[in-house]
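Visitor: Residue numbers (the numbering used here), protein chains in the order written: chain A, 6 to 352; chain B, -6 to 277; chain C, 203 to 423.
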Amino acid sequence: MSSSLEFIGTSRSFGEATVLHEVSLIVEPSRCVALLGGSGSGKSTLLRIAAGLDDPSSGQVLVDGGDLDGVPSEKRGIALVFQKPLIFPHLNVVDNVAFSARMAGQSRQAARRHAMAYLELVHLADFAGRSAGRLSGGQEQRVALARALARNPRILLLDEPFSSLDSRLRENMYSLVEDIRSELAPTIVLVTHDRREASILADSIAVLDDGRILQHGPVAQLHYQPATLAVNRILGGLNAISGQVDGGIHHSVLGRVRVQPGMVDGPAFLVMRQEAVRILPAGEGTAVGNVAGLKSLGAHTLVRTEVAGNDGLPETLTVEVSGDPGVSVGQMIGLQPVNGSGWAVIR
Amino acid sequence: MSRGQGPTTTGRAVLFALPAVFPVVAVLGVSLAAAVLQSLGLMPFIGPPSFSVEAWTGNTGELVRATGLSLNIAATATVLSVCIGFLIAAYVLASPRMGWIVGALSAATIPIPHLIGAGAIGLLLSDSGFLERVLGMPAAFPALVGGPWWIAAITEYAWKESAFVALVVLGSIARSVGDLCDAAATLGATARQRVFRVVLPLAMPSLAVSALIVFVYTLGSYEPVWLLGPTSPEPLPVRAVRLFGSVDLTARPEAMASALVSVAVGAGVILIGILVVRRSREFR
Amino acid sequence: MRVIAGLLLVLWIVLPVVPVLLWSVAVQWAAPAVLPPSYSLQSFSALAATDTVRAAGASSLLGVGVATVATPLGYLGALAIQRLPRVPARLVELTLLAPLAIPPFALVMGINVAFLRFYLLPSVGVVLVLAVTALPYTAFMFRSALATYDSRFEEVARSLRNLVANGPPCPGAPARWCNRPGILPRVPGGLGRLHRHAAYRRGAVADASHAAGVRCVGYRE
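#1: Could you name the residues of chain B that C/Arg204 contacts, counting a contact when the two beta carbons are closer than 7 Å?
#2: Got a sec, what are the start and stop residues for the beta strand (DSSP E) A/Leu85 sits in?
#3: How far does the alpha helix (DSSP H) with B/Trp284 in it reach, from first residue to last?
#4: Given a cut-off of 8 Å, decide if A/Leu73 and A/Leu67 are closer than it, judged by their beta-carbon atoms.
#5: Between B/Pro217, B/Ala156, B/Ser239, which has its C-alpha nearest B/His107's C-alpha?
#6: Quick check on DSSP: helix, strand or coil for A/Leu30?
#7: Nearest to C/Leu309 by CA position, among B/Ala178, B/Val14, B/Val234, is which residue?
#8: Indicate whether A/Gly216 and A/Ser46 have their beta-carbon atoms separated by less than 8 Å.
#9: So with Cβ pairs under 8 Å, would you call C/Ala329 a contact of chain B?
#10: For A/Ala203, which residues of its own chain have a beta-carbon under 6 Å away from its beta-carbon, when the five flanking residues on both sides are left out?
#11: So, are the CB atoms of B/Phe306 and C/Val315 less than 8 Å apart?
#12: Across which residues does DSSP place A/Gln65 in a beta bridge pair?
#13: Looking only at its chain, what residues have a beta carbon closer than 6 Å to the beta carbon of B/Ser74, apart from the 5 residues adjacent to it on each side?
#14: Between A/Phe12, A/Ser63, A/Leu52, which has its C-alpha nearest A/Thr23's C-alpha?
#15: Whose Cβ in chain B lies nearer than 7 Å to the Cβ of A/Ser105?
#16: For C/Ala336, name the three-state secondary structure that DSSP assigns.
#17: Below 7 Å on C-beta distance, what does B/Ile166 contact in chain C?
#18: Determine the burial state of C/Val289: buried for a count of at least 16 other Cβ atoms within 10 Å of its Cβ, exposed for fewer.
#19: Is C/Ile215 buried or exposed, if buried means 16 or more other CB atoms sit within 10 Å of its CB?
#20: Quick one: which chain A residues come within Cβ less than 7 Å of B/Leu173?
#21: Per the contact definition of three or more C-beta pairs closer than 8 Å, is the stretch 289 to 305 of chain C in contact with the stretch 262 to 271 of chain C?
#22: Determine the closest residue to B/Ala13 out of C/Ala336, C/Ser325, C/Val326, with distance taken between C-alpha atoms.
#23: So, with DSSP's three-state summary, where would you put C/Val326?
#24: Based on the DSSP output, what are the partners of B/Glu216 in its beta bridges?
#25: I'd like to check one pair, C/Leu286 with B/Ala250: are the Cβ atoms closer than 8 Å?
#26: Based on Cα-Cα distance, which residue from A/Arg152, A/Pro90, A/Gly20 lies nearest to A/Tyr123?
#27: Quick one: what's got a C-beta closer than 6 Å to C/Leu209's C-beta in the same chain, skipping five residues either side?
#28: Which same chain residues, not among the five before or five after C/Thr340, have their C-beta less than 6 Å away from its C-beta?
#29: For A/Ala84 and A/Asn97, I'd like the C-alpha separation in whole angstroms.
#30: Following the continuous beta strand (DSSP E) through A/Asp251, name the residue where it begins and the one where it ends.
#31: Check this for me: beta carbons of A/Val99 and A/Ala120, under 8 Å apart or not?
#32: Have a look at the DSSP bridge pairing and note the partners of A/Asp164.
#33: Helix or strand or just coil, what does DSSP make of C/Tyr241?
#34: Which residues bound the beta strand (DSSP E) around A/Ala292?
#35: Tell me which residues share the same chain as A/Pro433 and place their Cβ nearer than 8 Å to its Cβ, disregarding the 5 neighbours each side in the sequence.
#36: My output table needs one value for C/Trp214: the three-state DSSP class, helix, strand or coil.
Okay, here's the thing in structure tokens:
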């Protein structure tokens, strides 16, 4: 039942403002792709175009290779769960979930029977007869999810559906999505501004910034091998050390670090995730840093260090440490990359 | 809840209420009491009072017929206004550009008084009126103004009140309905299904309330039926006003009886309407 | 299909106004002609006639008079509904809505003789009756305005109150300043909607009652 979804050069402008610039993206059947970007990056517009609620200014949307141009929303077989639950207030819970079956001409009884299976899937079978107004936020969003799934969609689009839930509810929804994936295996496109959510739910992440896709790849690749500084920043990478690549080796205040093969010689930034640097006693490691600040993240702590090299200006390197870092501001420490090699980007 | 903060605040609130409540109670009370007394001959325009139920019993048939006619006209006009009003609202919601024009035009007719509306419908539908001329003066053009079916009068009510119904419906659901229709579309609802399975049920409460208002208003409205209807039979307001203005001052009690019947019918309809609306809300 | 529906709706809305507009600029317009044979703006000169001006003046004066009476009374009524305990508030609310339910012609027909008996000036009578029919609108406009105002400041009011009760007191401020009740009951759905939309009817009802009122109350003149 799941299909592939493909955008080919999809653009959208509203008057002067261009929201999407020739976006191309392939989502394979039964895969989950997260569109990650800040507000105004055009990610919701892309979903609305796929769902047929908005038309692209140019470009194509293909499902299983077939062009969707001119196909109205209701005929696309693509379900969309919105940021707001948008539960129909005139229908109770089970009739909300039964809505699509009713629209397809099924009898009330058959539609409700069909709906109950999906309410069980989202653990809300006991709430079937409840009126729409008497649900909590998390319950509403689960009903919205069940309602979309009950449509048996070829493709499921999720437009930041969990952003208004508290963190505990959000974790529940994540495991619910996992259940749904293992049980129904729909093709999913998830729009989110939360890189953690994208990493948990998706097989691959497409980073969208200012209406352009900067990089699309598996979760680990985006974290450890970003294409640009912008991708690194959007995925929460804090470190970009300027330096020179010479014969596959990056030279900087951190010393000599081997980078990916095929990197041309010249100025480049060494991208090193804060989780991938280790703090050592002074005198050990490949570089020496001066602790400039500490910031608690709860169980983790960010240690900001000033690293001065033999030549050039000092650079800031941030290290994420689990538990108590055991250092204090002003202390000199040793620094060492966890892996022997690093990743360099030109811009 | 922090209302009714002790006797002083309540006392002051009662003082606030009095200037507004007193004129209403006085005008309504005096008006209704005077109408009852006059209908029973106890408060004649001239001459000594003498009790009589003649105004109520003397011509019961005509009173009942006038009531039935008024109810019929009001019911037909209400049904038409609600249907057309809902269509206007649904169209405004469904069509972004053209809908805006329809909505603006419709809202623009709201300030037109019914008296002017009646004149306009008269010019449009009368014998050799604008419509008949546009159609090329067909010999079989029916008597719409002054004809036996009250078509011109009912059209006038439907024309004015459908714009009112559309405005009420749009005002109450316009904000929420767009997103819900998007959701319905992604769930497979066609445009027609979105109108009748989403917009209509959402509009139901505002349609019910506006239907009640339209019904009571048309029931007690005078000018359109007087201008556009036949001289006989008469609906309640026309009969009441004609008898009231009659040179024969003895017709006054009958005028009062007609007026009181229309007040009673209106009040009854409102009560039934409130009960029905409340019952359907509980049922849900 | 959708375009045809749109055109039909436009036709329904606009068609009755067309003959009025055409007649206003027609010189002569005899039966079979679909459009007037010649146009002129002469009819509009009637607007400058003494009678028309005097009538417009009288209407405006009446409007101003009714607004002057009905607006402050409506405000007081709305305040009272806000502050009274539940049941009396409901009673006041229903009383102020009652004029909507009574056909204007019935209202003025009944009161006509009573005004004669009380030797009330006709103009005062007309203003009084029209003010009563306008009160439901003014009262409920103020009512909804007060409701949105207070729900917006409800939080602020409550936090101020808490500050007075628990935290450091507002320096030099008597407690009652911060103690103002800020919470309002919600208007029940149907009734609230009725109030809000009743405003749209104002023009229509006021006009009808105006016509009937002048005709009936002014009978003595």
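The C-beta atom is built at its ideal place from N, Cα and C for all residues, glycine as well.
Guide: On the basis of the supplied data:
#1: Working through the third sequence from its first residue, we reach residue 204 of chain C at position 2. Under the 7 Å cutoff, chain B gives Ser88.
#2: Locating residue 85 of chain A in the first sequence gives position 80, counting from the first residue. It spans 83 to 86 - the beta strand (DSSP E) in which A/Leu85 sits, taken as one unbroken run.
#3: Past the edges of chain B, shown from -6 to 277, lies residue 284 of chain B, and the structure says nothing about it.
#4: Reading the first sequence from its first residue, position 62 is the one you call residue 67 of chain A. Reading the first sequence from its first residue, position 68 is the one you call residue 73 of chain A. Closer than 8 Å, so yes.
#5: Against the second sequence, residue 107 of chain B aligns to sequence position 114. Looking at B/Pro217, B/Ala156, B/Ser239, the one whose alpha-carbon comes closest to that of B/His107 is B/Pro217.
#6: The sequence position of residue 30 of chain A within the first sequence is 25, counting from 1. In the structure shown, A/Leu30 sits in a strand (DSSP, three-state: E or B).
#7: Sequence index remark: in the third sequence, residue 309 of chain C carries index 107 (1-based). Comparing alpha carbon positions, the residue from B/Ala178, B/Val14, B/Val234 closest to C/Leu309 is B/Val234.
#8: For the purposes of this step, residue 216 of chain A is taken as residue 211 along the first sequence, with counting starting at 1. For the purposes of this step, residue 46 of chain A is taken as residue 41 along the first sequence, with counting starting at 1. Contact: yes.
#9: Translated into the one-based positions of the third sequence, residue 329 of chain C becomes position 127. The amino acid at residue 329 of chain C is misidentified as Ala; the sequence shows Val. C/Val329 does not count as touching chain B.
#10: Taking the first residue of the first sequence as position 1, residue 203 of chain A is located at position 198. Once the five neighbours on either side are set aside, the close Cβ partners of A/Ala203 are Ala39, Leu41, Thr197, Ile210.
#11: Only positions -6 to 277 of chain B appear in the structure, and residue 306 of chain B is not among them; the question remains open.
#12: Here residue 65 of chain A refers to the residue found at position 60 of the first sequence. Paired residue(s): A/Ile13.
#13: On the second sequence, position 81 is the one that residue 74 of chain B refers to. In the same chain as B/Ser74, and ignoring 5 residues on each side of it, the C-beta atoms closer than 6 Å to its own belong to Ala151, Glu154, Ser155, Val158, Val207, in chain order.
#14: For the purposes of this step, residue 23 of chain A is identified with residue 18 of the first sequence, where counting begins at 1. Comparing Cα positions, the closest option is A/Ser63.
#15: Here the question's residue 105 of chain A lines up with position 100 in the first sequence. Going along chain B in sequence order, the residues near A/Ser105 (Cβ under 7 Å) are Leu180, Gly181.
#16: Counting from one through the third sequence, the residue named residue 336 of chain C turns up at place 134. Of the three classes helix, strand and coil, the one that applies to C/Ala336 here is helix, per DSSP.
#17: Within the second sequence, residue 166 of chain B is the residue found at index 173, counting from 1. Chain-ordered listing is empty here: chain C has no CB closer than 7 Å to the CB of B/Ile166, the nearest sitting near 11 Å.
#18: Translated into the one-based positions of the third sequence, residue 289 of chain C becomes position 87. Of the residues assessed, C/Val289 falls on the exposed side of the cut-off, its CB having fewer than 16 other CB atoms within 10 angstroms.
#19: Reading the third sequence from its first residue, position 13 is the one you call residue 215 of chain C. Looking at its Cβ environment, which holds 16 or more other Cβ atoms inside 10 Å, C/Ile215 is buried.
#20: As a first step, residue 173 of chain B is located in the second sequence; it is residue number 180 there, counting from the start. Neighbours of B/Leu173 in chain A, taken as residues at a C-beta separation under 7 Å, are given in chain order as Leu91, Phe93.
#21: With the cut-off at 8 Å, the stretch 262 to 271 of chain C and the stretch 289 to 305 of chain C do not touch.
#22: Looking up residue 13 of chain B in the second sequence gives position 20. Checked all of C/Ala336, C/Ser325, C/Val326; the closest Cα to B/Ala13 is C/Ala336.
#23: In the third sequence, counting from the first residue as 1, residue 326 of chain C sits at position 124. If DSSP states are grouped into helix, strand and coil, C/Val326 belongs with the helices.
#24: One-based indexing of the second sequence puts residue 216 of chain B at position 223. None, per the DSSP bridge assignment.
#25: Here residue 250 of chain B is taken as the residue at index 257 of the second sequence, counted from 1. Here residue 286 of chain C is taken as the residue at index 84 of the third sequence, counted from 1. Contact flag unset, no.
#26: As a position in the first sequence, residue 123 of chain A is number 118, starting the count at 1. With distances taken between Cα atoms, A/Tyr123 lies closest to A/Arg152.
#27: If you number the third sequence from 1, residue 209 of chain C lands on position 7. No residues qualify anywhere along the chain.
#28: Your numbering for residue 340 of chain C matches position 138 in the third sequence. The answer, listed in chain order, is Ala272, Thr273, Gly276.
#29: For this step, residue 84 of chain A is matched to residue 79 along the first sequence. For this step, residue 97 of chain A is matched to residue 92 along the first sequence. Going from the Cα of A/Ala84 to the Cα of A/Asn97 covers about 20 Å.
#30: Start at 1 with the first residue of the first sequence, and residue 251 of chain A comes out as number 246. Taken as a continuous stretch (DSSP letters only), the beta strand (DSSP E) holding A/Asp251 covers 245 to 251.
#31: Position 94 of the first sequence holds residue 99 of chain A. Position 115 of the first sequence holds residue 120 of chain A. In contact: A/Val99 and A/Ala120 (Cβ atoms closer than 8 Å).
#32: Within the first sequence, residue 164 of chain A is the residue found at index 159, counting from 1. Beta-bridge pairing links A/Asp164 to A/Val196.
#33: On the third sequence, position 39 is the one that residue 241 of chain C refers to. If DSSP states are grouped into helix, strand and coil, C/Tyr241 belongs with the strands.
#34: As a working note, residue 292 of chain A is residue 287 in the first sequence. Annotation: the continuous beta strand (DSSP E) that includes A/Ala292 extends over 292 to 301.
#35: No answer is possible for residue 433 of chain A: the residues shown for chain A start at 6 and end at 352.
#36: As a first step, residue 214 of chain C is located in the third sequence; it is residue number 12 there, counting from the start. In the displayed model, C/Trp214 falls within a helix according to three-state DSSP.
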